[in-house]
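Below is one structure; the comments refer to it alone.
Residue numbers (the working numbering): 0 to 301.
Here's what the structure looks like:
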């Protein structure tokens, strides 16, 4: 009893001292933060929430020491290249994809094991790094297409249970080598969209790029122009694809009817559909992916 009372008094003193150092801070029972915020862990179920822009330079340095953020989240060639647009592309691949993970709840003791599990179930991973205490990025080589959304969707519940996590995942778009010079901008645009999503919808799930892109269209200013521009370039680089997308849209993705409208054999149309999926991961018989592609080519049709 005496030990518990002593521990309680110590926690009260720590909280009191922290509020003296950071009078604008707030205590909360989870580590969830918004943009420009940081959560300092105090105990298993309590964090001190601070807004970084309201802190002096000295206070920001103190926060970095308390969280270990500077050493933990600043380093590695992929981090430098994608987050800060510094240095050279660490590795060139035919097709690249970014998987964005945000943890709503986690326990420090299980993070390492979770990372090892993610590296195992993503065999085409070429790198991973942290953006914050709650955000992790996995860089994939999709030269040989692996349907990672299906894999992660099927295992999410088990992963959360096994490692005491609550997380949401965005599967980024597959970008070809023709956009190597824009990888950093594309990554930042994807991550900004993902961040806006989880700030408003804090629940576990695995989302495709198409799902969040279409959600972002309904939110003013949520879609970075570079995402639409590069997708448009990719579509235009494929023979007849604009007409194919339009025909599939008009026929609710029924391949036989779309082929008749285009005056081509059904197998020929299926070949183009399969080729596009192999290149981008987008399946034109899936209405969500088809809607994304149709939105991108709207300016070509009207």
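Where is the CB? At the ideal position from N, CA and C, for every residue including glycine.
Nearest CA to the CA of residue i: which residue from the options?
i	options	result
residue 147	108, 123, 133, 294	123
residue 285	132, 174, 210	210
residue 129	98, 144, 157	98
residue 243	190, 268, 53, 112	268
residue 239	144, 41, 258, 85	258
residue 276	292, 202, 121, 136	292
residue 289	264, 95, 208	208
residue 206	118, 189, 19, 93	189
residue 297	51, 270, 279, 235	235
residue 89	195, 26, 111, 127	127
residue 49	75, 21, 41	21
residue 95	132, 118, 144	144
residue 180	229, 252, 274	229
residue 310	111, 24, 274, 36	The structure shown does not extend to residue 310, since the chain spans only 0 to 301, so no value can be given for it.
residue 175	91, 287, 117	91
residue 158	125, 105, 133	105
residue 134	38, 231, 301	38
residue 271	241, 250, 18	241
residue 125	78, 273, 19, 109	78
residue 118	107, 100, 40	100
residue 300	249, 278, 282	249
residue 40	283, 152, 107, 220	107
residue 278	16, 15, 237, 152	237
Taking the Cβ atom as the reference point for each residue, do residue i and residue j lie within a distance shorter than 7 Å?
i	j	result
residue 192	residue 215	yes
residue 54	residue 102	no
residue 246	residue 233	no
residue 204	residue 167	yes
residue 120	residue 280	no
residue 162	residue 113	yes
residue 227	residue 295	yes
residue 265	residue 253	no
State the start and end residues of the unbroken alpha helix (DSSP H) segment that holds residue i.
i	result
residue 209	208 to 216
residue 154	147 to 162
residue 165	Residue 165 -> not in any alpha helix (DSSP H); beta strand (DSSP E) instead, spanning 165 to 170.
residue 271	265 to 279
residue 234	224 to 235
residue 300	286 to 300
residue 183	182 to 199
residue 258	254 to 261
residue 83	76 to 83
residue 244	240 to 249
Report the CB separation of residue i from residue j in whole angstroms; it is logged as a contact under 8 Å.
i	j	result
residue 182	residue 81	7 Å
residue 225	residue 212	With 8 Å as the limit, residue 225 and residue 212 do not qualify as a contact, their Cβ atoms being about 12 Å apart.
residue 218	residue 195	7 Å
residue 93	residue 142	4 Å
residue 27	residue 46	6 Å
Taking only beta-carbon positions, decide if residue i is within less than 7 Å of chain C.
i	result
residue 228	Note that chain C does not occur in the displayed structure, where there is just one protein chain.
How far does the beta strand (DSSP E) with residue i in it extend, from its first residue to its last?
i	result
residue 121	Segment: none, residue 121 is in no beta strand (DSSP E) and carries neither H nor E.
residue 138	134 to 140
residue 48	45 to 50
residue 102	94 to 104
residue 26	25 to 27
Would you say the beta carbon of residue i comes nearer than 6 Å to a heavy atom of the ligand ADP?
i	result
residue 243	Absent from the structure shown: the ligand ADP. Ligands present: none.
With three or more beta-carbon pairs closer than 8 Å as the criterion, would you say the segment 189 to 203 touches the segment 138 to 153? no
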